[in-house]
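Peer 1: A single structure is presented below for examination.
Number of protein chains: 2
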Amino acid sequence: MTTVELAKAFTALLQQGDHEGAARKYNADDIVSYEAMEGPMAVCKGRDAVKQKGDWWAENHEVHGASVEGPFFNGDQFTVRFKLDVTPKATGERVVMDEVGLYTVKDDKIIEERFFY
Amino acid sequence: MTTVELAKAFTALLQQGDHEGAARKYNADDIVSYEAMEGPMAVCKGRDAVKQKGDWWAENHEVHGASVEGPFFNGDQFTVRFKLDVTPKATGERVVMDEVGLYTVKDDKIIEERFFY
Numbered sequence: 080m081t082t083v084e085l086a087k088a089f090t091a092l093l094q095q096g097d098h099e100g101a102a103r104k105y106n107a108d109d110i111v112s113y114e115a116m117e118g119p120m121a122v123c124k125g126r127d128a129v130k131q132k133g134d135w136w137a138e139n140h141e142v143h144g145a146s147v148e149g150p151f152f153n154g155d156q157f158t159v160r161f162k163l164d165v166t167p168k169a170t171g172e173r174v175v176m177d178e179v180g181l182y183t184v185k186d187d188k189i190i191e192e193r194f195f196y
Numbered sequence: 080m081t082t083v084e085l086a087k088a089f090t091a092l093l094q095q096g097d098h099e100g101a102a103r104k105y106n107a108d109d110i111v112s113y114e115a116m117e118g119p120m121a122v123c124k125g126r127d128a129v130k131q132k133g134d135w136w137a138e139n140h141e142v143h144g145a146s147v148e149g150p151f152f153n154g155d156q157f158t159v160r161f162k163l164d165v166t167p168k169a170t171g172e173r174v175v176m177d178e179v180g181l182y183t184v185k186d187d188k189i190i191e192e193r194f195f196y
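Protein chains in written order, with the working numbering: chain A, 80 to 196; chain B, 80 to 196.
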């Protein structure tokens, strides 16, 4: 599978709202995930830690709508653009989160994800 | 200057259409620029080579409109989203180019730029 094929299939799942399925199918066991923040979620190492972060996020945000654009390619990396219309439970204030995800592929799996906002 | 400050000032120049001024002010002398393509423009090393690529692009594309969104941040990197409504002289066909630029900052300068499409 080429990076282009993987990225298109991965992004299609995200566009269907199936973030968990996309991660289950395409994340490497030793994936590393970087958020643009301080604290315990800044770096998550390994499939299980990344899944825990995703579960936490899903439990703590009410999603009203989402758009997922891409993928955009360069070599063994691709990017996806997210706009998420959400209400974080922590604040109760509805906001639009505008993000770029940068993914790195090796051996048909995503070995790194890095989010920009 | 923080990466956030640099990225905002750089992106503001791009939003004004001043790509050349943005590069002149913020590119490092040894910047490396990666395009998502094969051939001589795939990798350009150094301020002068990157300027030549920019000059070539400007001479060979008629720009009808552009939107520049961002910057989006993570650590010493940031991303910018471009939509360019252009007619490449090579084809004469008007198209919308949809791109993400990923920039890496060191010592108040951009040391790497990498474009995804």
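Where is the CB? At the ideal position from N, CA and C, for every residue including glycine.
(1) What span of residues does the alpha helix (DSSP H) with R126 (chain B) cover, start to end?
(2) Shorter than 7 Å from the beta carbon of A115 (chain B) to some beta carbon of chain A?
(3) Whether or not the region 154–165 of chain B and the region 178–194 of chain B are in contact is what I'm after, with contact meaning three or more pairs of Cβ atoms, one per stretch, closer than 8 Å; do they touch?
(4) Can you grab the Cα-Cα spacing for the pair G136 (chain B) / M120 (chain B), in whole Å?
(5) Tell me which residues share the same chain as L85 (chain B) and place their Cβ nearer than 7 Å to its Cβ, disregarding the 5 neighbours each side in the sequence.
(6) Measure how close the beta-carbons of D164 (chain A) and A145 (chain A) come, nearest whole angstrom, since I'm counting them as under 8 Å.
(7) Identify which residue in A:E114, A:P150, A:G125 has its Cα closest to the Cα of A102 (chain A).
(8) Can you tell me whether T170 (chain B) is buried or exposed, with buried defined as 16 or more other CB within 10 angstroms of its CB?
(9) Our contact map puts T81 (chain A) next to P150 (chain A) with C-beta atoms below 8 Å; I'd like the distance itself, whole angstroms only.
(10) Ordered along the chain, which non-local residues of its own chain (more than five positions away) have a Cβ less than 7 Å from that of K132 (chain A)?
(11) Is there at least one Cβ from chain A nearer than 7 Å to V179 (chain B)'s Cβ?
(12) Please classify K168 (chain B): does DSSP put it in a helix, a strand, or coil?
(13) Suppose you measure from the CA of M176 (chain B) to the CA of E114 (chain A); what does that come to, to the nearest Å?
(14) Which value, in whole angstroms, describes the spacing of the CA atoms of N139 (chain A) and T166 (chain A)?
(15) Contact defined as beta carbons within less than 8 Å: I believe D109 (chain A) pairs with I190 (chain A). What is the distance between those atoms, to the nearest angstrom?
(16) For V147 (chain A), which residues does DSSP report across the bridge?
Peer 2: Working from what's here:
(1) 126–139
(2) yes
(3) yes
(4) The amino acid at residue 136 (chain B) is misidentified as Gly; the sequence shows Trp. C-alpha separation (whole angstroms): 11 Å.
(5) Y105, V184, D187
(6) 7 Å
(7) A:G125
(8) exposed
(9) Not a contact, Cβ separation roughly 12 Å.
(10) S112, M120, C123
(11) yes
(12) coil
(13) 28 Å
(14) Cα-Cα distance, rounded: 9 Å.
(15) 7 Å
(16) A:F161
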